[in-house]
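Chemist:
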Amino acid sequence: MSRPRIALAAAAIAAAGAASALGTGAAAALGAAPVPAAAIGAAALAAVQDAPADSLPPVVVASKPFGESFLLMEIMAQALEARGIAVDRRPGLGATEIAFRALREGAVDVYPEYTGTGLVAILGEQPASDEVAVFERVRRAFRERWGARWLSPLGFQNTYAIAVRRETAERYALRTLSDLAEVSGELRAGFSPDFIGRSDGLAGLEPVYGLAFRDVRALLQAVKYQALAEGAVDVIDGYSTDGQVARYDLVVLEDDLGFFPAYEAAPLVGRRLAETRPAAVAALESLGGALDEATMRRLNRRVEVDGEDLAAVAADALRALGSRETAERAAASGGAGSGDSADARPAGRRGRGSLLAYLWERRAALGRQAGRHLLLVLVSLFAAVAVAVPMGLVLERLRGGAEGVIRGVGLLQTIPSIALLAFMIPLLGIGVVPALVALFLYALYPIARNTYTGVRDASPAAVLAGRALGMTPSQLLRQVRLPLAAPVIMAGVRTAAVISVGTATLAAFIGAGGLGDPIVAGLALSDTRMILSGAIPAALLALLVDFGLAAVERAVRPPGVGEPVP
Amino acid sequence: MRETGAQRYPWRGGGATGARVPCGGALGRIGGGVRGTHGSMHSPREGAPTTASRQGASAGSPASRDGGAVALEARGVSHSYGDVRALDGADLRVARGESVALVGESGSGKTTLLRCFNRMVVPGQGEVLVRGAPVAGGDAVALRRTLGYVPQEGGLMPHWSALRNAALVPALRAEPDARERARAALEAVGLPPAEFADRLPRDLSGGQRQRVAIARALAGDSDIVLLDEPFGALDAITRADLQEQFATLAERRGLTILLVTHDLQEAFLLADRVAVMRAGAIEQDAAPAALREAPATPYVRELLRRARVSA
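Chains as they are written, first to last, in my numbering: chain W, 170 to 735; chain Z, 318 to 628.
#1: Count the other C-beta atoms from every protein chain shown that fall within 10 angstroms of the C-beta of W/F716, then say buried if there are 16 or more, exposed otherwise.
#2: In terms of residues, what are the limits of the beta strand (DSSP E) holding Z/Q442?
#3: Which two residues bound the contiguous alpha helix (DSSP H) that contains Z/A388?
#4: With DSSP as the reference, label W/Y432 as helix, strand or coil.
#5: Over what stretch of residues does the alpha helix (DSSP H) that includes Z/G524 continue unbroken?
#6: Just to confirm, does Z/A611 get its C-beta within under 7 Å of one of the non-hydrogen atoms of the ligand SAH?
#7: Mind checking which residues open and close the beta strand (DSSP E) that includes Z/E600?
#8: Within the continuous beta strand (DSSP E) that includes Z/T573, where are the two ends?
#9: Residue range of the alpha helix (DSSP H) that W/M245 falls in?
#10: Measuring alpha carbon to alpha carbon, tell me which residue in W/P227, W/L262, W/V228, W/Q247 is nearest W/G236.
#11: Could you give the uninterrupted runs of the beta strand (DSSP E) lying entirely in the segment 273-346 of chain W, keeping only those of 3 residues or more?
#12: In terms of residue numbering, what span does the beta strand (DSSP E) encompassing Z/Y277 cover?
#13: Note down, one range per segment and in chain order, each beta strand (DSSP E) of at least 3 residues found wholly within the segment 380-453 of chain W.
#14: Can you grab the Cα-Cα spacing for the pair W/I267 / W/L718, in whole Å?
#15: Assuming the contact rule is C-beta atoms closer than 8 Å, W/R541 and W/G683 should be a hit. Round their C-beta distance to whole Å, please.
#16: Out of W/T674, W/L419, W/M242, which has the shortest C-alpha to C-alpha gap to W/G600?
#17: Determine, using beta carbons only, whether W/M640 comes closer than 8 Å to chain Z.
#18: Mind reading off the beta-carbon distance from Z/L711 to Z/L464? Whole number of angstroms is fine, and I expect it under 8 Å.
#19: Leaving out the 5 sequence neighbours to the left and right, which residues in its chain are closer than 6 Å to Z/I541 when beta-carbon positions are compared?
#20: Confirm, please, whether the CB-CB distance from Z/A499 to Z/A534 is below 8 Å.
#21: Please compile the residues from chain Z whose C-beta is within a distance smaller than 7 Å of the C-beta of W/P727.
#22: So what does DSSP say about W/M593, is it helix, strand or coil?
#23: Can you find the residues in the same chain that come closer than 8 Å, C-beta to C-beta, to W/E375, ignoring five residues on each side of it along the sequence?
#24: Looking at the structure shown, is Z/L559 part of a helix, part of a strand, or coil, going by DSSP?
#25: How would you list, in chain order, the residues of chain Z whose beta-carbon sits under 7 Å from the beta-carbon of W/V649?
#26: Which one of Z/D552, Z/E504, Z/S423, Z/F434 has the shortest CA to CA distance from Z/L460?
#27: Specify, as a first and last residue, the run of the alpha helix (DSSP H) that W/D626 falls within.
#28: Under 8 Å between C-beta atoms, does W/V634 make it to chain Z?
#29: Does the contact criterion of 3 or more C-beta pairs under 8 Å hold for the segment 545-556 of chain Z versus the segment 502-510 of chain Z?
#30: With distances taken between CB atoms, is the gap from W/A271 to W/V277 smaller than 8 Å?
#31: Inspect the beta-carbon positions of Z/G454 and W/L633 and report whether they are closer than 8 Å.
#32: What distance in whole Å lies between the Cβ atoms of Z/V591 and Z/E600, which are believed to be in contact at a cut-off of 8 Å?
#33: Please identify the residue among W/A248, W/V474, W/P296, W/D348 whose C-alpha is closest to the C-alpha of W/D143.
#34: Counting only beta-carbon separations shorter than 8 Å, does Z/V452 have a partner in chain W?
#35: Using a threshold of 8 Å, state whether the C-beta atoms of W/A431 and W/G285 are closer than that.
#36: Could you tell me whether the Cβ of Z/L517 comes closer than 8 Å to any Cβ of chain W?
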């Protein structure tokens, strides 16, 4: 039984792989029909513009799923495009583990990373506050271990920051954390729960500065700034380049004793790009020291708070760096870089007009994303049905050990999807194929379980009579047990399909596209409408898929089954 | 019209379908009528203590010693489900054309013994023969297609019409006239095909479903029919009606019947001989009259008393 199962899975994966290999705009290959023409057109335009680089593959520029990372990715991408280097944007890769694995495996060429993250999350060492030492440490270690290169830091740190209202700072003449320590007995603090407990957070900070607040409350990120602005608390923790700091006109107090770990931002470049593309490395290297904390806070505010277009903000930032010509070229080629990344950069300012108008305006992109989403779900679902139904039948025949095997398949369900996606990067890279495999694995359990249970419990009296009157096991299976189990099996397929529609939104974290793209981008950019523009179609898609499968169920449900026999 | 169908496809094993039945000779009904007297094979007196059936067999007429005259035979059959001893040296002989009821309380092993004959149960020890041939080692599927079977509550395929259910056995044997046989069988059990052929089990009453189950057992022209509490789930009136009609049908076709029932009234009504089972063995095997007159053990007496069938 295992041979056809493996063959089917392989066929499904091969088909998906072939589809994704059709072009750099992987979206085009698997997306709706009208898209390839547009994507190919855009690619052709880019090729004409970037004539010197047309023999080289595009540089894959990625980001992690939060606003500042999106913005830095866009700045790096435009800096490359300004030098005629073709770029493939992969915004929103699901956090450090996935982004770095993708870089290590060569699926991504460059993404913005923080030295402290490299030290703590990737190298697994203790946080340190000496920024020069930290940079040297990660630079050497990454080069030795993975051939990856940290380019010159961009000029700012995004580390923990302690902030107060401007009027508080003025009243107590606060400039540094040492100043704060002297009056801390009069102030109420609101900190994130994790910051309170961490040794590189409040737990370590208090003894170093001798802080003793009148009151310390745990506040979630979402309400912290509001609480501070309204005077419910006087001191909060935040991130040093957070756009909200600029929005609420807060004062970030200087870490004068150098307690907080260093989190300098810098382009992190993969081995292949570092070794073979000196022009691209030079373009990225030119960004070194270009962005200080105040600048970054302002840029973040424009994107996250004011809802300005990412590409426009990035172009402004590059323009401010000096080369006017550079910025203009970047702006001119900004829309032609890749099909999918345009979705993360909606035209014009956000935040105006109704949600419906917004959805209508983005209908083409949403249609393409929904098409990709549906394809991810259906391809993985068909493969799962092809594997899990025979698996359920075999297990039902074996009986002994069946529960164990099904529980084993069920264990797959407990692997967090992000972790599963991360595990697969070394084997399958990023993009459509690992997403299909992950969705396939998640769909196995409900289908196998329902097949097993449905066939096992199908009308025992009828099965007994059939056997006693001379039906062979295979006749019983085909003529009696499978038809009678069909409604239960279909219920499993429907469960798997609806879960799959939801899980497929996570495919955006590994660059597989779909309706997760606007959700991830919207989350990163604090853009509720963008989130909804992915979430609402995803919900509708779930209903649609369930509705379609209900029709299939009606078609396969044999007469006389499904209603209780009187 | 249906009658012609029934005549074209007589149910008797010795008729047109003799080829399918290994020992198809029409030996007639050894035990007489369905509820009638009991012939030479079994005198009431011989139906005494626990080994009655074997004694009866060996002391019977010459025909009973001939394997061809014995439709079903179990010799010293024992079987366990795990630690539970379901059969413990059970002996039983059912002559061709005879009707035997297995009675006893739940867990006495009667269903297990019945299932030994169509090899739904392969006993741990002992020998089981059908039409004189050992069941073990043969082709179980082929054997089952020659034995009618009526389980409790029918066990009809819920997604098949009455006709398709009734046609199961001839269809399994790939007989081209399977549907005609099924129609005739439905007619014979009192379900005119014009009205009932296309109905699904859920659209039939409990009694009608049981009739379809009987039609299914007959449509394959089996000369032997095994019934496992076939009327147990029916209301009293429907049950009496169906028992009556089934007795007539079995009589007319000269069927060999092995009937499992917990209902002694039913056993006395339908069977030539009643075998009382207890703890996996036959406690007493005798004609109804003999059983009533001379219960061999206190257990049998108690059973009769409880069922209010004793004299």
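The beta carbon of each residue, even a glycine, is placed where N, CA and C say it ideally should be.
Modeler: On the basis of the coordinates in this document:
#1: exposed
#2: 442-447
#3: Not the alpha helix (DSSP H): Z/A388 falls in the beta strand (DSSP E), residues 387-398.
#4: coil
#5: 523-536
#6: Looking for the ligand SAH in the displayed structure turns up nothing, as the structure carries no ligands at all.
#7: 598-603
#8: 573-577
#9: 236-251
#10: W/L262
#11: 279-283, 329-334
#12: Since the first residue shown for chain Z is 318 and the last is 628, residue 277 of chain Z is missing from the structure and cannot be characterised.
#13: 384-387, 404-408, 419-422, 434-438
#14: 33 Å
#15: 5 Å
#16: W/T674
#17: yes
#18: Nothing about residue 711 of chain Z can be reported from this structure: the residues present for chain Z run from 318 to 628 only.
#19: A388, L464, T573
#20: no
#21: H476
#22: helix
#23: A381
#24: helix
#25: M474
#26: Z/F434
#27: 601-626
#28: Val is not the amino acid found at residue 634 of chain W; the sequence shown has Ala there. It does; some Cβ of chain Z falls within 8 Å.
#29: no
#30: yes
#31: no
#32: In fact, because the Cβ distance is near 11 Å, the residues do not count as touching under 8 Å.
#33: Nothing in the structure corresponds to residue 143 of chain W, since chain W is present only between 170 and 735.
#34: no
#35: yes
#36: yes
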